[in-house]
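Asks: Mapping of the sequence shown onto numbering that gives the first Met the number 0: position 147 corresponds to residue 146, and the numbering continues sequentially without gaps.
For each residue, glycine too, the CB sits at the ideal point set by N, CA and C.
One structure is given below, represented as structure tokens, and several questions about it will come after.
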Amino acid sequence: MKKKTTLFLLLSMFTVSTFAQLLERSTFNVPSSYKKHYSHNIEGGTVDGIQKEFVVGNWTDFLTTNNTLSGQSVTGNIIGPGVNEQVIPVNSRVALTDFAVFPSKENQYAIGTGIYYPNAPTELSGYPFLGIYDRKTMGLLQLYYYNLSYPMDKVDKNSVGLRIKYSEKNNSVYISGILCENILPQMNMNELVGKSQGFILKIDFSNPSAGQALVFGTDDLPIIPLLCAVTDMEIDITEQEIIFTGINTKQSTPGYYSPFAGKIDMNLNLQWSKTFSFGSDRFSGVDVEYSNNNNFLMLMNSDNYDFAVMEISGNGLVLQQPIKYQFSYGGDKWPARSHIMHFNKTNIYITGNLFEAERTQYLYSYEITDATNLLSGNLNYKIYSSYPIPTGKQQEVTNYWAPENSILFDGYLSIVGIYNNLDQTSDKFGYCLIHTAGYSEEECLMQGSVAKLSDISSSTNCIAHLDSCRNVLVNFSPVPGPATFNQLCPSHGKSMEVGSNDVDLGWRINSIDETGIMVTINTKEETSYLVNIYTTSGQRIHSEKIKANEQKAVRVNFPVKNQLYLISVSDGTKTETIKVSGVR
């Protein structure tokens, strides 16, 4: 006996030929709160068995005004209203830099990190924080900051969480970042002065009152700045070890600054740590991903706006020497910043920002088709959006603080970045969300050329020490904020609300079970229909042609899972799409 499911129609009839792939969501609040450097973060996960995306960030990154964190869930191309949380007291400030969703489908939590200023107007000292979210509502449950700083006796120092991860097996949160003896001028890490150290902070999620930190230092050199930061980390599939990357300052490195990487166990015991230097450009590690056989890939940016990838063994040996990638468009070299790297057993996907003439920025993706051969990267990259660069040194700052983030799901990318409309109108900034599935319209997609260069690296060992810190609980309250979003490329059409399961083309969806849907077609003349069924990420999972004359009952067979589907029906001249969910 077939198991019946309940049919839900989710207010979403589209009279378009395909689905919108570029969405804009305003975070504009007041005229003084302008966007400058970095955008929201995106992660994937489930709520009540439904696959969703979660976009979390700030109303602005200008620290004289930013005291609000925002979070929204996204189902398909529908951005929910979300929740905005304002920290208390009024003179405190906060900025989120990273976000993670707990892996368990039964667990409702998500977590975020960044920097929190207890008393911004009078004291510019900031500290890393742990924000605990309810991913069903996207509201904050608790927010703690940790008094981890360097040096302890200096005022106006900044410690920032740059990446956050969760280990379900150990029920622990790990935050990596940077400890600075000076303030971060308007969050622009390119202008760092003085000394800094990198850190990885471990917090017991069942008792987040205290944390233990592993701190990485630099060589003692007569140069400024002495820079060290841990920008990314990744937990292995067995949850027994963590790899990490960042930047360090070593006397043996040409130019002193170079990417560094290493491995620790889940209790912060250092297994090894090395810097890797190559060529004349100064590189910093920005992302790490496990590859095959417990090896890992390291993504790096340079001060010359090229990026590079290399592969390192679990013991710190170089397996694939770094390959540098240079982007150009129309014969002109365009500076590129890479931010996020994804590995799916064979391919590598890289996303980031691209710049033209210093006043226009783009979001791009690039694919390396064979991870065992870094020279197998495509000869072209894809561009999905174009916006003016906001005020500030955008190209330089993206070396450390990403204005772009992405996830890979079912072979397709979802990318979130900044949008700016600097035209003196009401909506001046926000974030854009791109779903790359089916993103092939000429008016929405450009392609540029890629040159690949090989290099040889050398390595030097690094050291670290342990430290401890206590937490401070932060109060916050919900505040109203912008909740509208626009659908752009490739469709500029608007959704219209429907109250039944009828399709104007003469279709009626009667029921859905685990083997497909049952529909009734009512047409006055013989008509050929093309039926396409998509997931909400845009992946087509079934296509079928059906002919009907007058009234006819038809079954469309496809394997139904406990998720949302977009069912598109076309009669050759008109296409309509309805969103359904079979919930067992």
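(1) Would you kindly check if the distance between the Cβ of Asn-556 and the Cβ of Thr-522 is under 8 Å?
(2) How is Tyr-399 classed by DSSP in three states: helix, strand or coil?
(3) Please report the straight-line C-alpha distance between Cys-227 and Tyr-386, rounded to a whole angstrom.
(4) Once DSSP output is grouped into helix, strand and coil, what is the label at Ser-456?
(5) Do you know whose CA, among His-338, Thr-371 and Lys-194, lies nearest Leu-318's CA?
(6) Since Thr-204 is in the beta strand (DSSP E), which residue starts that stretch and which ends it?
(7) For the putative contact between Ser-456 and Met-309, defined by C-beta atoms under 8 Å, what is the C-beta separation to the nearest angstrom?
(8) Is the beta carbon of Val-586 less than 8 Å from the beta carbon of Leu-68?
(9) To the nearest angstrom, how far is the alpha carbon of Ile-462 from that of Gly-70?
(10) Can you tell me where the beta strand (DSSP E) holding Pro-80 begins and where it ends?
(11) Could you check whether Ile-246 and Ser-283 sit closer than 8 Å to each other, using their CB atoms as the reference points?
(12) Taking the alpha-carbon of Pro-334 as reference, which of Ile-110, Ile-202 and Glu-355 has the nearest alpha-carbon?
(13) Mapping DSSP to helix, strand and coil, what is Leu-373?
(14) Does the separation of the CB atoms of Glu-288 and Phe-277 fall below 8 Å?
(15) State the CB to CB distance for the pair Asn-470 and Tyr-145, rounded to an integer number of angstroms; the pair is presumed to be in contact (CB under 8 Å).
(16) Can you give the Cα-Cα distance for Tyr-564 and Asp-133, rounded to whole angstroms?
(17) What residues are listed by DSSP as bridge partners for Glu-240?
(18) Go through its chain and collect everything with a Cβ distance to Asp-466's Cβ below 6 Å, but skip five positions before and after it.
(19) With DSSP as the reference, please indicate the residues paired to Thr-45 in a beta bridge.
(20) Out of Ile-367, Asn-314, Glu-42 and Asn-300, state which residue places its alpha-carbon closest to the alpha-carbon of His-338.
(21) Return the CA-CA distance between Thr-112 and Trp-58, expressed in angstroms with no decimal places.
(22) Leaving out five residues on either side along the sequence, give the residues of the same chain with a beta carbon under 6 Å from the beta carbon of Ser-569.
(23) From what residue to what residue does the beta strand (DSSP E) around Lys-231 run?
(24) Between Asn-460 and the rest of its own chain, which residues show a CB-CB distance below 6 Å, the 5 nearest in sequence each way excluded?
(25) Just to confirm, is the Cβ distance from Leu-378 to Ser-327 under 8 Å?
(26) Of the residues His-341, Asn-343, Leu-472 and Ser-364, which one's Cα is nearest the Cα of Thr-351?
(27) Unbroken alpha helix (DSSP H) runs of length 4 or more, entirely within the stretch 290-358: which are they?
(28) Drop a sphere of 10 angstroms on the beta-carbon of Tyr-399, count the other beta-carbons inside from all chains shown, and report buried for 16 or more, exposed for fewer.
(29) Got a sec, what are the start and stop residues for the beta strand (DSSP E) Glu-419 sits in?
(30) Whole beta strand (DSSP E) runs in the stretch 93-120 with 3 or more residues, listed along the chain?
(31) Just to confirm, are Val-553 and Ile-520 a CB contact at a threshold of 8 Å?
(32) Tell me where the beta strand (DSSP E) around Asn-65 begins and ends.
(33) What is the residue span of the beta strand (DSSP E) that Glu-180 lies within?
(34) Return the bridge partner residues of Thr-526 from the DSSP annotation.
(35) Out of curiosity, what's the CA-to-CA distance linking Tyr-173 and Ile-406?
Replies: Based on what the coordinates show:
(1) No, these two residues do not count as a Cβ contact at 8 Å.
(2) For Tyr-399, the pLDDT reaches just 47, beneath the cut-off of 50, and the residue's location in the model is therefore unreliable, although a value from the coordinates is still provided. Looking at Tyr-399 - three-state DSSP - the assignment turns out to be coil, as it is neither helix nor strand.
(3) Using only the alpha carbons, I get a separation of about 32 Å.
(4) Three-state DSSP puts Ser-456 in coil, outside helix and strand.
(5) For the residues His-338, Thr-371 and Lys-194, the minimum Cα distance to Leu-318 belongs to Thr-371.
(6) The sequence shown places Phe at residue 204, rather than the Thr named in the question. Element bounds for Phe-204: n/a, residue is neither H nor E.
(7) With a Cβ gap of about 7 Å, Ser-456 and Met-309 count as contacting.
(8) For residue 586 there is no data in the structure shown, the boundaries of the chain being 0 and 583.
(9) Rounded to the nearest whole angstrom, the CA to CA distance from Ile-462 to Gly-70 is 38 Å.
(10) Counting along the chain, Pro-80 falls outside any beta strand (DSSP E), and DSSP gives it neither H nor E.
(11) Yes, Cβ-Cβ distance for Ser-283 and Ile-246 is below 8 Å.
(12) Looking at Ile-110, Ile-202 and Glu-355, the one whose alpha-carbon comes closest to that of Pro-334 is Glu-355.
(13) Three-state result, Leu-373: helix.
(14) Contact flag unset, no.
(15) Rounded, the Cβ-Cβ distance is 5 Å, consistent with contact.
(16) Computed Cα separation, rounded: 25 Å.
(17) Glu-240 has Asp-264 as its beta-bridge partners, per DSSP.
(18) Exclusion of the five residues before and after Asp-466 leaves Ala-212 and Val-214 as the residues of its chain whose Cβ lies within less than 6 Å of its Cβ.
(19) According to DSSP, which records beta bridges pairwise, Thr-45 is partnered with Gln-50.
(20) Checking every option, the nearest Cα to that of His-338 belongs to Asn-300.
(21) Those two C-alpha atoms are separated by around 15 Å.
(22) Only Leu-529 meet the Cβ criterion.
(23) Note that residue 231 corresponds to Asp in the displayed sequence, not to Lys. Per DSSP, the continuous beta strand (DSSP E) segment holding Asp-231 begins and ends at 228-234.
(24) So the list reads Lys-273, once near-sequence residues are dropped.
(25) The Cβ atoms of Leu-378 and Ser-327 do not sit closer than 8 Å to each other.
(26) Note that residue 351 is Gly in the sequence shown here, rather than Thr. When only C-alpha atoms are compared, the closest one is Ser-364.
(27) Runs of the alpha helix (DSSP H) inside the stretch 290-358: none found.
(28) At Tyr-399 the pLDDT is 47, less than 50, meaning the model places this residue with poor confidence; the figure from the coordinates comes in the next sentence. Buried: at least 16 other Cβ atoms inside 10 Å.
(29) The sequence as given places Asn at residue 419; Glu does not occur at that position. Element bounds for Asn-419: 411-419.
(30) Under the rule that a run must span 3 or more residues, the beta strand (DSSP E) segments found entirely inside the stretch 93-120 read 108-116.
(31) Contact flag set, yes.
(32) Careful: Asn-65 lies outside any beta strand (DSSP E) and carries neither H nor E.
(33) No beta strand (DSSP E) contains Glu-180, which DSSP labels as neither H nor E.
(34) Its beta-bridge partners are Ala-547.
(35) The straight-line gap from Cα to Cα measures roughly 20 Å.
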